[in-house]
Amino acid sequence: MDLRPHIDKFGRRFAELEAALSDPKAFDNPQRAQELSREYSRLKELVADGQAYLKTISDLAENRALLQAEPAESELALMAKDEIARLEADEKRLGQRLHYGIIPPDPADSRNTIVEIRAGAGGQESALFAADLFRMYTRYAESQGWRCENLDSSPSDLGGYREIIFEVTGTDVYKRLKYESGVHRVQRVPATEAQGRIHTSTCTVAVLPEAEEVDVEIKTEDLDISVCRASGPGGQGVNTTDSAVQIIHKPTGLIVRCADQRSQQKNKLRAMTVLRSRLLERKVAEENAKYAAQRKAQVGTGERNERIRTYNFPQNRVTDHRIELTLYNLPVVMEGHIDPVIEPLMANDMESRLASVTL
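For the sequence shown, our numbering assigns the number 31 to the initial residue and increments by one for each residue that follows.
What follows is the structure, encoded as structure tokens:
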């Protein structure tokens, strides 16, 4: 593909954004200004990549011409060969980034994210694995400079979680975590297994982009809000005040509970955030269902009945079934180093989307 027309297009749009953001009136609408600023930052990188790509193409042509003109074993020819190898690698890297830049970004990629982990098949072992996944994601968030805040949890008897919901805030959170939606399967010998038999358990992970008020309309009369006393660890503030909040969205039957804050008002705000995000996910899923045939080949559909990944402890193996990726470094992955899994998923998704754009 000839990338020059796209590079020119990036440059023209970048100039338009630069002019728009230099006008003070652009900031009269904060949300619109934020969207323009995000697009400006993205295009600034693409314009720089485009300039570097064009220079690389020019330098490659010069070095290839030099290689043709010089004797094969001359010093200049050998230098040209080395330079060509380096420039070809740069051409491939920059070309890939520009190809990806052609794809319209997902507006949700830059949003904060709500992650819900629920124990599935496997009883107590499933709840223990839910705690392991929670630790894995919080460790990963730390490595990315993100911040995690618990919204609600339901601990199990042995120290795991039947359910835990937390919010992750930072840059490009949903962009990287959205591929984690689905069923996660673990194969290992549980701590409670006396005879050393390997058990298979599952957890479901839901990754929801945080919805804004303009995304989903919620009518007050559609809500049934109740309060109760929180339970679990937390010191003197627990079981003494009605701080836990439960919200039922009557039209859909969705139930959200938030109890991790001591303030009833904070719990209510957090519960509304979760409800809004779940309603947005439902709305998006309904829209996507219209295009189910197109989505079959895409990564990260987020369907809850999909087994997306297996963590096999006896074999030190983690396998992502969507792209048939297998790594033999399970302890490292469980410590939160999940980029070797996420980045191939992102690349595969980009390739699929790029194919649909260029067809």
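A virtual CB, placed ideally from N, CA and C, is assigned to each residue, including glycine.
Rounded to the nearest whole angstrom, the C-alpha separation of valine 304 and proline 137 is 19 Å.
Per DSSP, the unbroken beta strand (DSSP E) holding isoleucine 147 starts and ends at 143-149. Buried is the label assigned to asparagine 297, since at least 16 other Cβ atoms lie within 10 Å of its Cβ. Between the segment 196-204 and the segment 353-369, the count of C-beta pairs closer than 8 Å stays below three; the two stretches do not touch. The segment 109-118 and the segment 144-161 do not touch, with fewer than three beta-carbon pairs separated by less than 8 Å. At a Cβ-Cβ threshold of 8 Å, arginine 192 and alanine 241 do not count as neighbours.
Apart from sequence neighbours up to five positions away, the residues of its chain that approach isoleucine 372 with a beta-carbon distance below 7 Å are Arg206, Tyr209, ordered along the chain. One thing to note: leucine 163 has its Cβ no nearer than 8 Å to the Cβ of tyrosine 83. Taking the Cβ atoms as the reference, arginine 215 lies roughly 14 Å from threonine 356, outside the contact range of under 8 Å. DSSP lists Ile195 as the beta-bridge partner residues of aspartate 182. Under the three-state reduction of DSSP output, threonine 234 falls in the strand class. Proximity to glutamate 155 across Asp252, His229, Ser184 peaks at His229, based on C-alpha coordinates. In the three-state scheme derived from DSSP, where H, G and I count as helix and E and B as strand, serine 52 is classed as coil.
Proximity of the segment 178-191 to the segment 278-297 meets the contact definition, three or more beta-carbon pairs being nearer than 8 Å. Within the same chain, and ignoring the five residues on either side of phenylalanine 159 in sequence, the residues whose Cβ sits closer than 6 Å to its Cβ are Val216, Ser231, Cys233.
Taking the Cα positions, glutamate 121 is about 11 Å away from serine 88.
The DSSP-derived three-state label of aspartate 79 is helix.
Burial check for proline 101: the Cβ neighbour count within 10 Å stays below 16, so the residue is exposed.
Where serine 140 is concerned, there is no enclosing alpha helix (DSSP H), because DSSP gives it neither an H nor an E.
CA-CA distance, aspartate 369 to serine 256, rounds to 41 Å.
Proline 281 and glutamate 251 have their C-alpha atoms some 10 Å from each other. Aspartate 79 and arginine 347 have their alpha carbons spaced roughly 37 Å apart.
Per DSSP, the beta bridge partners of aspartate 350 are Arg339, Leu355. Per DSSP, histidine 214 is one residue of the beta strand (DSSP E) stretching across 212-218.
Here the alpha carbon of alanine 151 sits roughly 34 Å from the alpha carbon of glutamate 381. About 35 Å separates the CB atoms of leucine 97 and lysine 74; that is not less than 8 Å, and the two are not in contact.
DSSP lists Ile278 as the beta-bridge partner residues of aspartate 254. Note that the C-beta distance between glycine 131 and leucine 66 is not below 8 Å.
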